[in-house]
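Below you'll find the structure, written out as structure tokens, and then a few comments.
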Amino acid sequence: MLLTKQQIRTHIARKKKQQNGFQLSQWSVNLLKKLEEHPRFRQAKTLLLYYSLPDEVQTHDFVERWSKSKQIILPVVKGDELELRQYTGKQDLQKSSYNIYEPTGKELTQVNEIDLALIPGVSFDLQGNRLGRGKGYYDRLLPRLRSYNIGICFGFQISEAIPTETFDRPMDEIWTENGCVYVNEK
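For what it's worth, the numbering used here labels the leading residue of the sequence shown as 46, then goes sequentially.
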């Protein structure tokens with residue numbers, strides 16, 4: 046039986062509550078360390094990342110470390126859209142209405158400059174499909190990107206199947222703390 050998007054979100058939320066912060070932190074470090082070896086990561090000059098919420102793959106230290114040698118772009122919620130801004134350091138972050146720290150740096154208007162995007166999700170399936178929090182921000186952003194897109198999550202966030210809509214864009218790869226679990230072979 047195929048679960049609805051809301052049933053998957055509820056199921057994953059329950060699983061997240063069963064995890065402790067230390068374990069999520071360790072899994073995050075493992076996942077991101079493995080991704081640093083990815084050829085696309087090594088070659089990328091401009092990365093679209095995100096500044097994580099406590100229940101997501103934790104990216105704060107990763108963003109800070111790589112901002113020294115790569116251009117890091119982070120999303121900022123503006124109405125119904127995600128605006129992309131350059132990360133210029135922790136001192137230039139401000140807390141949004143969603144309790145997400147967002148950059149105040151220069152807006153990136155040329156999205157084709159982004160070489161690699163690491164995309165968060167509530168859940169992913171092994172066909173490359175992504176389920177977000179339900180507001181559609183990444184659904185509207187992904188069609189604008191020409192980057193190689195890697196969905197990142199914890200292993201317990203992988204679902205058997207996620208219902209899709211015509212506007213959904215599958216990921217090029219999906220990674221968990223165990224490494225790559227999906228590659229789009231097209």
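Ideal placement from N, C-alpha and C gives every residue a C-beta, glycine not left out.
Does the beta carbon of threonine 154 fall short of 8 Å from some heavy atom of the ligand COA?
What this structure holds is no ligand at all, so the ligand COA is not there to describe.
Taking only the alpha-carbon atoms, compute the straight-line gap between tyrosine 96 and glutamate 147 and give it to the nearest angstrom.
Residue 96 sits at position 51 when you count from the first residue of the sequence shown. Residue 147 sits at position 102 when you count from the first residue of the sequence shown. If you draw a straight line from the Cα of tyrosine 96 to the Cα of glutamate 147, it is about 7 Å long.
Return yes when the Cβ of aspartate 170 is within less than 9 Å of the Cβ of lysine 90, no when it is not.
Within the sequence shown, the letter at position 45 stands for residue 90. Within the sequence shown, the letter at position 125 stands for residue 170. Cβ distance not < 9 Å, so lysine 90 and aspartate 170 don't count as in contact.
Going along the chain, which residues of its own chain have a beta-carbon closer than 7 Å to the beta-carbon of lysine 180, five neighbours each way excluded?
The residue given as residue 180 occupies position 135 in the sequence shown. Once the five neighbours on either side are set aside, lysine 180 has no close Cβ partner at all.
Comparing C-alpha positions only, which one of Pro84, Leu69 and Gly134 sits nearest to glutamine 103?
For the purposes of this step, residue 103 is taken as residue 58 along the sequence shown, with counting starting at 1. The candidate whose alpha carbon is nearest that of glutamine 103 is Leu69.
In its own chain, which residues sit with a C-beta less than 6 Å from the C-beta of phenylalanine 107, not counting the 5 before and 5 after it?
For the purposes of this step, residue 107 is taken as the residue at position 62 of the sequence shown. Closer than 6 Å at Cβ, skipping near neighbours: Leu77.
Quick one: Cα of glutamine 71 to Cα of lysine 61, how far?
Reading the sequence shown from its first residue, position 26 is the one you call residue 71. Reading the sequence shown from its first residue, position 16 is the one you call residue 61. If you take the alpha carbons of glutamine 71 and lysine 61, they lie about 15 Å apart.
Report back the beta-carbon spacing between serine 141 and alanine 162 to the nearest angstrom; my notes put them in contact at under 8 Å.
Working through the sequence shown from its first residue, we reach residue 141 at position 96. Working through the sequence shown from its first residue, we reach residue 162 at position 117. No, serine 141 and alanine 162 are not in contact; Cβ-Cβ is about 20 Å, not under 8 Å.
Let me check understanding here. Comparing Cα to Cα, which of Tyr227, Leu119, Val156 and Cys225 lies closest to arginine 189?
Your numbering for residue 189 matches position 144 in the sequence shown. Measuring from the Cα of arginine 189, the nearest candidate turns out to be Val156.
Please determine, among Asn174, Ser114, Gln139 and Gln202, the residue with the shortest C-alpha to C-alpha distance to proline 120.
If you number the sequence shown from 1, residue 120 lands on position 75. For proline 120, the nearest C-alpha among the options comes from Gln139.
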